[in-house]
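Heads up: the structure comes next, in structure tokens.
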Amino acid sequence: MGFRRASTLLECVRLVHDALPELKLAEVDTSVTLFGKRLRAPIVIASMTGGTEEASRINQALALIAEARGYAFGLGSQRAMHLRPGTADTYRVRRLAPTALVLGNVGVVQARAMTTSEVRILVDEVGADALFVHLNPAMELVQPGGDRDFSHGLETIGRLVQGLGVPVVVKETGCGISPGVARRLHDVGVRHVDVSGAGGTSWVGVETKRAEATGDQQARALGEAFWDWGVPTAASVALLAPMGFETIVATGGISTGLDVARAIALGASAAGIARPLLRALSGGASDGPAAAAAMLDGVESELRAAMLLTGSRDRAALRRAPRVLVGELVEWIDALGSKEPGQK
Ligand SMILES: Cc1cc2nc3c(=O)[nH]c(=O)nc-3n(C[C@H](O)[C@H](O)[C@H](O)COP(=O)(O)O)c2cc1C
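Remember, the working numbering sits 30 above the position in the sequence shown when you count from 1.
Encoded structure:
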């Protein structure tokens with residue numbers, strides 16, 4: 031379920047053509063290092079699933095792709111695993127992906143009710159290198175029976191950053207991270223974020239469709255009103271880039287290599303892809319993993335082309351490449367980019 035009117039605003043980033051790149055395509059180096067592991071390309075297979083047999087098959091297929099191609103792999107929320115330890119195997123991908131960068135996943139509301147040691151068990155059980163702590167208040171509000179109490183989130187995150195013993199990456203799920211939230215996260219020691227901004231998958235949209243199917247008119251109306259809610263991915267990355275984070279993952283509506291290149295030019299360390307990959311994997315092709323790998327081939331070759339055509343030999347050069355920002359993205363940056371610390 032995509033956003034309807036809102037976009038990532040990555041289309042407002044115009045990378046400037048370099049007609050004399052003085053580079054060989056084969057020399058272009060797309061690799062990045064995240065959490066001490068080298069990725070062949072700045073691609074994170076974003077957190078999606080776990081807890082069921084089908085989820086297990088998806089996790090295994092995507093983890094194999096991550097291992098073979100040198101991407102990072104995010105597990106879906108490990109809530110099911112915490113509540114039903116018998117489902118742990120559906121998240122275990124280390125046997126298939128012994129060297130890949132694997133990220134665990136837990137919701138901040140679930141983590142609030144857990145001790146740090148309990149959260150650490152989730153990380154250790156799957157051999158994760160780092161933990162995504164996800165934020166999803168908009169989706170929960172629209173979900174009948176979803177969470178309604180979002181208090182003590184920052185305190186929980188601060189506790190995990192101090193005591194977990196592996197890097198904590200605070201991640202939205204499609205509504206983006208504003209500079210005000212980023213500042214509060216930075217103040218409690220967070221150095222890694224995944225903006226998961228607006229413009230890609232709308233979880234409010236998913237919940238709205240579910241409410242429609244069950245005839246819950248109140249939830250449906252709320253969902254309709256907030257379907258396009260959130261900070262667009264490009265705005266979130268651009269606004270957080272000067273704030274001193276070590277890692278900014280740009281997820282939310284990334285489906286091409288040009289999107290990845292634009293996100294990196296704005297300041298992202300890597301880009302995450304969720305629904306487009308799931309679609310390729312489960313979209314009816316007889317060989318889902320081959321379809322997902324083909325989609326990623328396209329992303330990588332487009333990224334490489336964008337790097338060559340901006341004269342960027344590597345990620346650092348792409349980060350410095352000239353670009354023109356236009357339209358609504360400029361309005362977001364103008365409105366929120368110069369606020370004093372403490373303001374939302
Ligand atoms: C089927 C599906 C399941 C998801 N489950 C999770 C999850 O368990 N934890 C999480 O942090 N994000 C989850 N997400 C959010 C994605 O990681 C990502 O932030 C969001 O979908 C935006 O990326 P996209 O536009 O590429 O889909 C899920 C997304 C999809 C499509």
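Glycine included, C-beta positions come from ideal geometry on N, C-alpha and C.
Return the chain-ordered list of same chain residues with a C-beta closer than 8 angstroms to the C-beta of residue i, the five sequence neighbours on each side being excluded.
i    : result
L133 : V74, S77, A102, F103, G104, L105, A158, D159, A160, L161, F162 and V199
L359 : L39, C42, V43, P262, A264, A265 and A268
R34  : S232, G235, W257 and D258
R214 : L184
E83  : T120
L343 : According to the sequence shown, residue 343 is Arg rather than Leu. If we look at R343 and ignore the five residues flanking it on each side, its Cβ neighbours are L53, E57, V58, D59 and M337.
With residue i and residue j assumed to form a contact (beta carbons below 8 angstroms), what rounded beta-carbon distance in angstroms separates them?
i    : j    : result
G297 : I278 : 6 angstroms
W257 : T238 : 6 angstroms
I187 : V138 : 6 angstroms
T146 : R114 : Between R114 and T146 the Cβ distance is about 21 angstroms, and since that is not below 8 angstroms, they are no contact.
A168 : W259 : 5 angstroms
V172 : L252 : 5 angstroms
Looking only at its own chain, which residues have a Cβ that is under 6 angstroms from the Cβ of residue i, when we skip the five neighbours before and after it?
i    : result
A71  : T60 and E330
E361 : none
R292 : L40 and V43
V356 : C42
L366 : P209 and L269
S368 : none
For residue i versus residue j, is the C-beta distance shorter than 8 angstroms?
i    : j    : result
V191 : V156 : no
M273 : P209 : yes
K149 : P352 : Residue 149 is actually Val in this sequence, not Lys. No; because the gap between Cβ atoms is not below 8 angstroms, this pair is not in contact.
L165 : E202 : yes
R349 : I294 : yes
G318 : L311 : yes
L69  : V58  : no
A110 : G81  : yes
L270 : I363 : no
G287 : A336 : yes
T129 : N89  : no
A36  : G229 : yes
G313 : A320 : no
D154 : T340 : no
A280 : A255 : no
Could you say which of the options lies nearest to residue i if we only look at CA atoms?
i    : options                   : result
Q108 : R122, E97, C205 and A96   : R122
L184 : E276, A212 and R178       : A212
T240 : R87, G175 and H164        : The question names Thr, yet the displayed sequence has Arg at residue 240. R240 has its Cα closest to that of G175, out of R87, G175 and H164.
S226 : V236, V234 and C205       : C205
L64  : E83, F33, L131 and I88    : L131
T79  : L288, D344 and T117       : T117
R345 : E97, L333 and F180        : L333
P306 : L92, G341 and R343        : L92
V223 : G229, R124, H182 and E276 : E276
A13  : T340, E83, D119 and R125  : Nothing in the structure corresponds to residue 13, since the chain is present only between 31 and 374.
H182 : H216, L194 and A141       : A141
K67  : G100, G253, R87 and E83   : G100
R87  : S368, L308, A347 and L366 : L308
D177 : E254, D246 and A143       : A143
G328 : D179, V290, S299 and A300 : V290
G9   : A96, V220 and D179        : What is shown of the chain runs 31 to 374, which leaves residue 9 out entirely.
In the DSSP assignment, find the unbroken alpha helix (DSSP H) run with residue i in it and report its ends.
i    : result
H216 : P209 to D217
N166 : Per DSSP, N166 belongs to no alpha helix (DSSP H) and is neither H nor E.
T112 : A small correction: the amino acid at residue 112 is His; Thr does not occupy that position in the sequence shown. R109 to L113 is the extent of the alpha helix (DSSP H) around H112.
Can you tell me where the beta strand (DSSP E) with residue i in it begins and where it stops?
i    : result
I73  : I73 to I75
K239 : Not the beta strand (DSSP E): K239 falls in the alpha helix (DSSP H), residues W233 to T244.
L64  : V62 to L64
V329 : No beta strand (DSSP E) contains V329, which is instead part of the alpha helix (DSSP H) from G318 to L339.
I187 : Element bounds for I187: not the beta strand (DSSP E) but the alpha helix (DSSP H), G183 to G193.
Below 7 angstroms CB to CB, which residues in the same chain sit around residue i once its five sequence neighbours on both sides are set aside?
i    : result
R250 : T238, A241 and E242
L338 : P51, L53, L55 and V58
M31  : T231, S232, G235, V236 and K239
A96  : I75, A102, F103, A127 and A130
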